[in-house]
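Engineer: Structure incoming, see below.
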Amino acid sequence: MSKPDELLVNVAALVESGQSNQMSLTVVAGGAVITGRLAPEAVWRQRVSEVLTDSARLGEFATVFTTATSKEGPPTHLHFHVARILQGAVGIPETGGMYRVAIKDVSAWTVGDFSYSDH
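Count along the sequence shown starting at 1, add 18, and that's the number in the working numbering.
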């Protein structure tokens with residue numbers, strides 16, 4: 019999107035304010051369909067840091083995510099947790115992952131998350 023969708027920015031701002039981490043969202047960005055729950059950036063960063071800290075090979079990168087950032091203005095990114103990239107009849111990863119998506123790159127979105135079923 020050349021100009022980020024104001025409604026999507028408002029949803030992200032509400033999540034960032036810490037009022038809720040229960041908002042499920044599905045977006046299309048760069049041709050990929052990503053579905054899951056939004057989290058405030060600070061919560062998302064902390065969780066990524068914890069996963070990296072627990073990794074024998076990637077632990078040194080954990081501090082990158084714990085560095086505090088202070089930003090003025092509306093949110094520029096969506097922070098997904100318990101999220102999947104939908105491809106064909108599967109969601110990758112099945113257990114859910116953590117994704118950061120620039121709001122300006124979202125070409126379509128809807129409230130709620132999607133999953134596939136054979137029934």
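Glycine is no exception: its CB is placed at the ideal position from the N, C-alpha and C atoms.
Keep in mind it's a predicted model, so treat the numbers as computed, not measured.
Would you mind sorting Val108 into buried or exposed? The rule is 16 or more other CB atoms within 10 Å of its CB.
Structural biologist: The residue in question, Val108, is exposed, as its Cβ has fewer than 16 Cβ neighbours within 10 Å.
Engineer: What residue does the alpha helix (DSSP H) around Ser67 start on, and which one ends it?
Structural biologist: 59 to 71
Engineer: Answer yes if the region 78 to 88 comes into contact with the region 27 to 37, meaning at least three C-beta pairs across the two stretches below 8 Å, and no otherwise.
Structural biologist: no
Engineer: Please say whether Phe132 and Thr71 have beta carbons closer to each other than 9 Å?
Structural biologist: Result no, Cβ atoms of Thr71 and Phe132 do not sit closer than 9 Å.
Engineer: Taking buried to mean at least 16 other C-beta atoms within 10 Å of its own C-beta, is Ala47 buried or exposed?
Structural biologist: Per the 10 Å Cβ criterion, buried.
Engineer: Could you tell me how far apart the beta carbons of Ile110 and Arg102 are, in whole angstroms, since I believe they sit closer than 8 Å?
Structural biologist: Under the criterion of beta carbons closer than 8 Å, Ile110 and Arg102 qualify as touching, at roughly 6 Å.
Engineer: In angstroms with no decimal places, state the Cα-to-Cα distance between Asp23 and Glu68.
Structural biologist: 32 Å
Engineer: By the three-class DSSP mapping on this structure, what secondary structure does Thr94 have?
Structural biologist: coil
Engineer: Going by C-alpha distance, which of Arg63, Leu25, Met116, Val124 is nearest Ala50?
Structural biologist: Val124
Engineer: Using DSSP with H/G/I as helix, E/B as strand and the rest coil, what is Gly77?
Structural biologist: helix
Engineer: Is Met116 near His95, with beta carbons less than 9 Å apart?
Structural biologist: At a Cβ-Cβ threshold of 9 Å, Met116 and His95 do not count as neighbours.
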